[in-house]
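Going by this note's numbering, the sequence shown opens with residue 14, and the numbers climb by one from there. Every residue gets a Cβ at the ideal spot worked out from N, C-alpha and C, and that includes glycine. In this text the structure is predicted, and so the values were computed from the model without any measurement.
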Amino acid sequence: MTTSRGARAIAAAALLLVAMTSCANDGQDPAANASPTPSSSTPTPTATATPPSDTELASEAASATLRKYYDVRNQLRQNPSRPLSLLDQVAISTELAAQKNLFKKERKQGLHQVGATKVAELEVQSVNLDNSDPKAGKVPTVQIDLCFDVSKVDVVDADEKSVISLDRPDTGWIQFLVSNYEWETDPDAGWRVASSKDIERTPCEAS
Numbered sequence: 014m015t016t017s018r019g020a021r022a023i024a025a026a027a028l029l030l031v032a033m034t035s036c037a038n039d040g041q042d043p044a045a046n047a048s049p050t051p052s053s054s055t056p057t058p059t060a061t062a063t064p065p066s067d068t069e070l071a072s073e074a075a076s077a078t079l080r081k082y083y084d085v086r087n088q089l090r091q092n093p094s095r096p097l098s099l100l101d102q103v104a105i106s107t108e109l110a111a112q113k114n115l116f117k118k119e120r121k122q123g124l125h126q127v128g129a130t131k132v133a134e135l136e137v138q139s140v141n142l143d144n145s146d147p148k149a150g151k152v153p154t155v156q157i158d159l160c161f162d163v164s165k166v167d168v169v170d171a172d173e174k175s176v177i178s179l180d181r182p183d184t185g186w187i188q189f190l191v192s193n194y195e196w197e198t199d200p201d202a203g204w205r206v207a208s209s210k211d212i213e214r215t216p217c218e219a220s
């Protein structure tokens with residue numbers, strides 16, 4: 014059988030095309046080797062805490078002072094040998110004078126406390142940072158209502174006999190004014206209990 018020259022040329026061209034296609038498929042896909050395009054991401058901003066206000070700082074400092082005031086009173090009543098000068102660290106003005114007089118009277122009578130008075134509830138009612146006239150008593154003051162718990166407290170005489178009335182309530186409310194007469198120089202640690210008075214409120218629960 015005789016094949017024409019043109020047919021042979023077409024067959025050769027077809028074989029060349031198949032060979033080129035095979036070589037191309039055996040090579041790597043350029044798209045597979047392409048470096049990934051880096052994605053741009055915006056960093057998430059970090060939340061910045063709002064600093065506490067002067068009112069919040071005063072509230073916290075006055076509350077801490079009032080709790081310390083009760084700690085000092087417990088120490089002085091439990092141990093009559095402790096110096097009354099400890100009250101200077103937590104009280105001032107009429108409150109300081111009243112507490113010193115109370116402890117002097119109890120010590121003369123040979124009384125001392127058994128157990129500790131606890132702070133059951135403490136509520137800040139108002140904050141006034143007016144420091145316009147310290148000499149006239151116009152100083153930063155925080156008003157705090159506090160419920161004390163004496164359910165596990167007794168006061169006994171030298172013979173260890175209780176002098177507490179049987180109908181004494183376990184809890185009670187007192188309203189305190191905690192002031193800072195050193196505001197200009199010591200706004201953080203200058204707070205002292207300046208006055209107190211009993212108030213009528215729904216009794217809190219003993220702890």
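Distance, residue j Cα to residue i Cα
i: GLU136; j: GLN122; result: 34 Å
i: ILE157; j: LEU97; result: 24 Å
i: CYS217; j: ASP211; result: 14 Å
i: ASP199; j: GLU73; result: 15 Å
i: GLU108; j: THR61; result: 41 Å
i: GLU197; j: ASP172; result: 49 Å
i: ARG205; j: ASN114; result: 18 Å
i: GLU69; j: GLY128; result: 33 Å
i: ARG181; j: TYR83; result: 19 Å
i: ASP170; j: SER164; result: 19 Å
i: ASP42; j: THR63; result: Note that ASP42 scores 48 on pLDDT, short of 50, meaning its location in the model is unreliable and no value can be drawn from it.
i: ARG95; j: LYS81; result: 16 Å
i: ASP67; j: ILE177; result: 42 Å
i: LYS221; j: PRO65; result: Here the chain has residues from 14 to 220 only, and residue 221 is not among them.
i: ALA110; j: PRO93; result: 17 Å
i: ALA149; j: LEU179; result: 43 Å
i: SER106; j: SER220; result: 31 Å
Among the options, nearest to residue i - alpha-carbon criterion
i: ASP101; options: ARG214, ALA207, ALA219; result: ALA207
i: GLY203; options: ALA77, THR130, LEU115; result: ALA77
i: LYS117; options: VAL127, LEU89, SER106; result: LEU89
i: TRP186; options: GLN126, ALA133, GLY128; result: ALA133
i: PHE161; options: ASP201, SER209, SER175; result: SER209
i: ASN193; options: ARG86, PRO147, SER175; result: PRO147
i: GLU213; options: GLU195, THR184, ALA219; result: THR184
i: LEU159; options: ASN144, VAL152, GLN138; result: GLN138
i: GLU119; options: ASN144, GLY150, ARG86; result: ARG86
i: SER145; options: VAL176, GLU195, GLN126, ILE177; result: GLU195
i: SER175; options: LYS151, GLN126, VAL152; result: GLN126
i: ALA75; options: PRO65, VAL140, ILE177, SER178; result: VAL140
Beta-carbon gap between residue i and residue j smaller than 8 Å
i: GLN112; j: ALA104; result: yes
i: LEU124; j: ALA71; result: no
i: VAL191; j: THR215; result: no
i: THR130; j: VAL168; result: no
Whole-Å CB distance - residue i paired with residue j, under 8 Å assumed
i: LEU79; j: PHE189; result: 6 Å
Bridge partners - residue i, DSSP secondary structure assignment
i: GLN126; result: VAL168
i: PHE161; result: VAL132, GLY185
i: LYS210; result: GLN188
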